[in-house]
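A.B. asks: First, the structure itself, so that you have it in front of you.
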Amino acid sequence: MKIIQVGLGAWGASWLNVIHHSKSWELAGVVDVNSDAARAAAEQYGIPAYATIEDALDHKDTFDAALVIVPPEYHAAVAIPALEAGVHTLIEKPLAHSLEDGVRIIEAAEKSGKQAMVSQNYRFKRAARTVQRLIRDGVIGDLEHVFVDYKKNPPFEGFRLEMDEPLIVDAMIHHLDQLRGIVGVEPTAVRARSWNTGTSRFKGNASAVVQFDCDNGARVVYTGSWSSYGPQTSWDGDWEIQGSKGAITWKNNEVTINFASLFDTVFLAGAVERSGVMHVDLDPLPVEERLGTLEAFRDAIETGNKAETDVTDNIQSLQLVMATVDSARQDGAPITLKTNAELFGSH
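In short: position in the sequence shown from 1, add 6, done, that's this note's numbering.
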């Protein structure tokens with residue numbers, strides 16, 4: 007299948023290489039208001055360059071889909087015209103800059119009948135899929151609480167440095183989507199506090215502590231920072247997921263289990279016990295990360311089935327981010343989450 011890419015910033019430039027290595031997709035064009043960037047990419051890959059999505063859509067018979075890699079505040083302005091023109095659309099996370107824009111994108115997708123998916127690449131990793139399987143198989147019993155610790159000091163440039171809540175909006179979207187898609191709980195309420203440090207490179211708040219109440223009664227506590235000079239976690243963060251039968255630790259691309267009962271420690275297939283801790287083999291995947299999102303996108307188009315990170319599902323991940331921001335702005339006031347029916351009922 008053929009795809010055009012809209013947006014050629016730093017992250018967009020890396021996407022070009024991802025598409026180039028995909029076995030399912032061929033890059034058919036690039037779009038960027040920066041004519042130098044667009045021209046350079048076009049020359050490198052021997053493809054057309056366009057200044058706007060509208061210009062590209064004049065040639066929509068030359069591609070099957072569009073990949074949206076512009077800053078979040080422009081997602082709707084690119085995705086909606088593409089969908090209205092009948093083009094399948096893959097959107098870099100977050101879905102949109104606001105819930106209102108997210109709903110508008112969903113409405114455009116439903117009217118067009120085309121696939122609209124959000125690239126949540128953290129779901130498409132071996133460790134994440136292994137944790138997902140263990141939880142679904144009931145290995146640790148009923149979920150009770152989750153602790154997530156995330157600490158980085160990323161050398162970002164550009165729009166992230168100007169955001170009001172960079173950690174919550176640009177980093178937590180991954181972890182909150184993992185909470186929903188990998189751990190399998192739906193938060194119903196959130197309380198958040200965010201702040202910035204004197205050594206932070208960001209203008210907005212780059213640290214936060216957040217608590218979630220979930221639909222199954224579990225509680226989640228999240229601590230994160232993008233201005234940490236101490237030991238760094240992986241981009242996934244460090245997870246402790248406790249259930250009625252034991253706890254999963256997911257850290258640095260490794261998965262271990264501490265069982266509540268000693269008798270459970272020797273009966274788990276695909277795991278080795280060492281000093282009372284089960285070390286779990288990671289489930290194999292044909293491709294990971296962004297290549298995984300491209301494969302899922304292709305599958306959705308070919309089968310007509312919605313992808314797991316279809317916009318109709320991912321709006322809930324976006325709502326979690328927006329609710330977390332709202333709570334932080336209200337100094338930790340509890341915010342209740344809405345169902346999709348409630349979200350769309352106001353539009």
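We treat Cβ as the ideally placed atom computed from N, Cα and C, and that holds for glycine.
Being a predicted model, the structure only gives us computed values, none of them experimental.
May I have the straight-line CA-CA distance separating Gln126 from Val278, to the nearest angstrom?
C.D. replies: 31 Å
A.B. asks: Alpha carbon to alpha carbon, what distance is there between Ile97 and Gly52?
C.D. replies: 24 Å
A.B. asks: CB Glu294 to CB Gly187, shorter than 9 Å?
C.D. replies: no
A.B. asks: Which value, in whole angstroms, describes the spacing of the CA atoms of Ser206 and Gly92?
C.D. replies: Distance between the alpha carbons of Ser206 and Gly92 is about 43 Å.
A.B. asks: If we ignore side chains and look at the alpha-carbon of each, how far apart do Glu116 and Glu90 end up?
C.D. replies: 10 Å
A.B. asks: Quick check for students: name the residue ranges of the alpha helix (DSSP H) that lie wholly in the region 9-57, counting only runs of 4 or more.
C.D. replies: 16-26 and 41-51
A.B. asks: Could you name each continuous alpha helix (DSSP H) segment of 4 residues or more that falls completely within the region 64-124, going from the start of the chain to the end?
C.D. replies: 81-90 and 105-118
A.B. asks: May I have a chain-ordered list of the beta strand (DSSP E) segments no shorter than 3 residues that lie completely inside the region 191-236?
C.D. replies: Listed in chain order, they are 193-201, 213-220 and 225-231.
A.B. asks: Pick out the complete beta strand (DSSP E) segments inside the region 228-310, 3 residues or longer, and give them in chain order.
C.D. replies: 244-249, 252-257, 260-265, 277-280 and 283-286
A.B. asks: Helix, strand or coil for Phe130 per DSSP?
C.D. replies: coil
A.B. asks: Put Ile341 into one of helix, strand or coil per three-state DSSP.
C.D. replies: strand
A.B. asks: Flag this pair as touching only if the region 330-343 and the region 183-200 have three or more C-beta atom pairs under 8 Å; answer yes or no.
C.D. replies: yes
A.B. asks: Please work out which residues of its chain come closer than 6 Å, Cβ to Cβ, to Trp31, disregarding the five sequence neighbours upstream and downstream, and give them in chain order.
C.D. replies: Met7, Ile9, Ile25 and Leu300
A.B. asks: List the endpoints of the continuous beta strand (DSSP E) containing Leu149.
C.D. replies: Leu149 to Lys157
A.B. asks: Using only the alpha-carbon positions, how far apart do Arg225 and Asp155 sit?
C.D. replies: 15 Å
A.B. asks: So, for Gln184: in the same chain, excluding its five sequence neighbours on each side, which residues have a beta-carbon less than 7 Å away from its beta-carbon?
C.D. replies: Apart from sequence neighbours up to five positions away, the residues of its chain that approach Gln184 with a beta-carbon distance below 7 Å are Tyr128, Arg129 and Ala134, ordered along the chain.
A.B. asks: Skipping 5 residues on each side, what residues in its chain have a beta carbon closer than 6 Å to that of Asn211?
C.D. replies: Glu171, Ser200, Trp201 and Asn202
A.B. asks: Keeping to the same chain, check which residues put their C-beta closer than 7 Å to that of Val124; ignore five residues upstream and five downstream.
C.D. replies: Once the five neighbours on either side are set aside, the close Cβ partners of Val124 are Ile97, Lys99, Leu101, Thr315, Val317 and Asn320.
A.B. asks: If I measure Cβ to Cβ from Phe303 and keep anything under 6 Å in the same chain, skipping five residues before and after, which residues do I get?
C.D. replies: Only residues of its own chain outside the window of five on either side were considered, and among them Leu96 and Met123 have a CB closer than 6 Å to the CB of Phe303, listed in chain order.
A.B. asks: Does the region 149-168 come into contact with the region 240-256, if we say contact requires no fewer than three beta-carbon pairs (one atom in each stretch) closer than 8 Å?
C.D. replies: Taking 8 Å as the limit for Cβ pairs, the verdict is that the region 240-256 does touch the region 149-168.
A.B. asks: Does Asp170 come out as helix, strand or coil in the three-state DSSP assignment?
C.D. replies: Three-state DSSP puts Asp170 in coil, outside helix and strand.
A.B. asks: Phe162 to Phe273, Cα distance in whole Å?
C.D. replies: CA-to-CA, the gap between Phe162 and Phe273 works out to about 45 Å.
A.B. asks: Would you check if the region 141-151 and the region 216-230 touch, i.e. whether three or more CB-CB distances between them fall below 8 Å?
C.D. replies: Put simply, the region 216-230 touches the region 141-151. At least three CB pairs are less than 8 Å apart.
A.B. asks: With distances taken Cα to Cα, identify the nearest neighbour of Glu180 among Val286, Lys131 and Asp337.
C.D. replies: At residue 180 the sequence reads His, which differs from the Glu that was named. Ranking Val286, Lys131 and Asp337 by Cα distance to His180 puts Lys131 first.
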